[in-house]
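Residue numbers (the numbering used here), protein chains in the order written: chain Z, 1 to 139; chain U, 1001 to 1139.
No residue lacks a Cβ here, since even glycine has one placed at the ideal position from N, Cα and C.
Number of protein chains: 2
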Amino acid sequence: MGALGQLLGYNLRRGQLLLFESFSEAVPAGITPAQLTILLLIAANPGIKQTTLAAVLDVDRSTMVRLVDRCAELRFVRRGSSRTDRRVAPPVLTERGRAFIDAVMPEILRKELEYTSVLTPSERAELTRLLRKLNALED
Amino acid sequence: MGALGQLLGYNLRRGQLLLFESFSEAVPAGITPAQLTILLLIAANPGIKQTTLAAVLDVDRSTMVRLVDRCAELRFVRRGSSRTDRRVAPPVLTERGRAFIDAVMPEILRKELEYTSVLTPSERAELTRLLRKLNALED
DNA sequence: CCCATTTTGTTGCTGAGTGCAACAGTTTGA
DNA sequence: TCAAACTGTTGCACTCAGCAACAAAATGGG
């Protein structure tokens, strides 16, 4: 194995692959982590516009168009309109989208627990805390 | 921000993006994490064959062909031959490949320290330990 | 009040990356 | 001995992301 296992970047990548597998088991096929992220961001920030979503997700605006398109095809969001700026078409969460979030989030958390069962509860909490701190998501 | 920051998978992804940026700054353009992983695996396991590398990296054999191709174009590896099985062409680390590893690894570790400077040394060590345990790379 | 500049969303193009299917050469095992 | 399995390889198709360019709309300095 060599020096590979010492690298933080490598271990993060492996961990992410593991949790992606967990995500795939928890969520119906066709839904990507990026799409769920969009839904959660819209739910937490009503009226948020595509450009802002693109900046937060760190993708191009044209990429965000396509991501929102797929969410719209699934009827999880629809493109609304702003009264103050007719350029923006802020994605709005639909009933279906809200129901999807409510249905899938508990399953995702359950699968995360399952896939990280090698860690004790306190270890898992500490791992989350350290990652949040690393990502500047301080409490 | 909402429930997103609570998800371990999301935090792992964010952390991996951060460390990927660190890697990009530490390594000359054109070298990907996958390529370095291959070099390190070959260095630690002389004679390892492409199929095994593909299994470890969890990619298709045809994908591994192309990854090794790029390492060969850079003269970091050359395709050897096995005396016991004429089918296998195990990639062999060249002088250049060895020199590259020796030159780049310290820089990578230095950049990792820089990019994770928000963590204390003990926190960083604990994060590494937890990730290694999660990835079943127990000491 | 104008008109140049900026912003927003969008589309087309391109390049990178991956898996799958198929293949020839080689080895294995019943 | 010969069918099956394995190794490396190539071609094809598909996905994904960024860049450039665009029209419509908003903004701001003269």
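- Using a Cβ-Cβ cut-off of 8 Å, Q1016 of chain U counts as an interface residue toward chain Z, since at least one Cβ of chain Z sits closer than that to its own.
- For R75 of chain Z, there is no enclosing alpha helix (DSSP H), as DSSP marks it with neither H nor E.
- Here P1121 of chain U carries a helix assignment [DSSP, helix/strand/coil].
- With the criterion set as a beta carbon lying under 8 Å from some beta carbon of chain U, the members of the stretch 9–33 of chain Z are G9, Y10, N11, L12, R13, R14, G15, Q16, L17, L18, L19, F20, S22, F23 and P33, in sequence order.
- Sorting Z:T51, Z:A29, Z:Y115 and Z:E107 by C-alpha distance to the C-alpha of L74 of chain Z places Z:A29 at the top.
- Take L67 of chain Z, set aside five residues on each side of it, and the residues of its chain with a beta-carbon closer than 7 Å to its own are A34, Q35 and I38, in chain order.
- DSSP places L41 of chain Z inside the alpha helix (DSSP H), whose first and last residues are P33 to A44.
- In this chain, P106 of chain Z is not harboured by any beta strand (DSSP E); it is covered by the alpha helix (DSSP H) spanning E95 to Y115.
- If the five residues before and after C1071 of chain U are omitted, its C-beta is found closer than 8 Å to the C-beta atoms of Q1035, I1038, L1039, V1077, P1091 and G1097, all from its own chain and listed in chain order.
- Residues of the stretch 1115–1138 of chain U with a C-beta less than 8 Å from any C-beta of chain Z: T1116, V1118, L1119, E1123, R1124, E1126, L1127, T1128, L1130, L1131, R1132, K1133, L1134, N1135, A1136 and L1137, listed in chain order.
- By the Cβ rule, the stretch 52–63 of chain Z does not count as touching the stretch 122–135 of chain Z, because fewer than three pairs are nearer than 8 Å.
- Contact annotation: L41 of chain Z and I48 of chain Z have beta-carbon atoms nearer than 8 Å.
- E112 of chain Z reaches chain U at L1007, L1008 and G1009, counting residues in chain order whose Cβ is nearer than 9 Å.
- Contact note: T84 of chain Z does not reach chain U at a C-beta cutoff of 7 Å; the least C-beta distance is about 24 Å.
- Listed along the chain, the chain U residues whose CB falls inside 9 Å of the CB of I38 of chain Z amount to none; the nearest CB is some 10 Å away.
- Under the DSSP assignment, T51 of chain Z falls in the alpha helix (DSSP H) whose first and last residues are Q50 to L57.
- In the DSSP annotation of this structure, R1086 of chain U is not part of any alpha helix (DSSP H), being labelled neither H nor E.
- Contact between T128 of chain Z and L1008 of chain U holds: their C-beta atoms lie close to 6 Å from each other, under 8 Å.
- Residues of chain Z with a Cβ closer than 9 Å to the Cβ of G1002 of chain U are, in chain order, L40, L41, A43, A44 and N45.
- Taking 9 Å as the Cβ-Cβ cut-off, the stretch 88–106 of chain Z approaches chain U at I101 and M105, given in chain order.
- The Cβ atoms of S22 of chain Z and E112 of chain Z sit closer than 8 Å to each other.
- Ranked by how close their Cα comes to the Cα of L4 of chain Z, the residues U:Y1115, U:I1101, U:T1116 and U:V1065 have U:I1101 in first place.
- The Cβ atoms of L12 of chain Z and L1093 of chain U lie no closer than 8 Å to each other.
- The continuous alpha helix (DSSP H) containing Q16 of chain Z extends over residues L8 to A26.
- Taking a Cβ-Cβ cut-off of 9 Å, the neighbours of I108 of chain Z in chain U comprise L1007 and G1009, given in sequence order.
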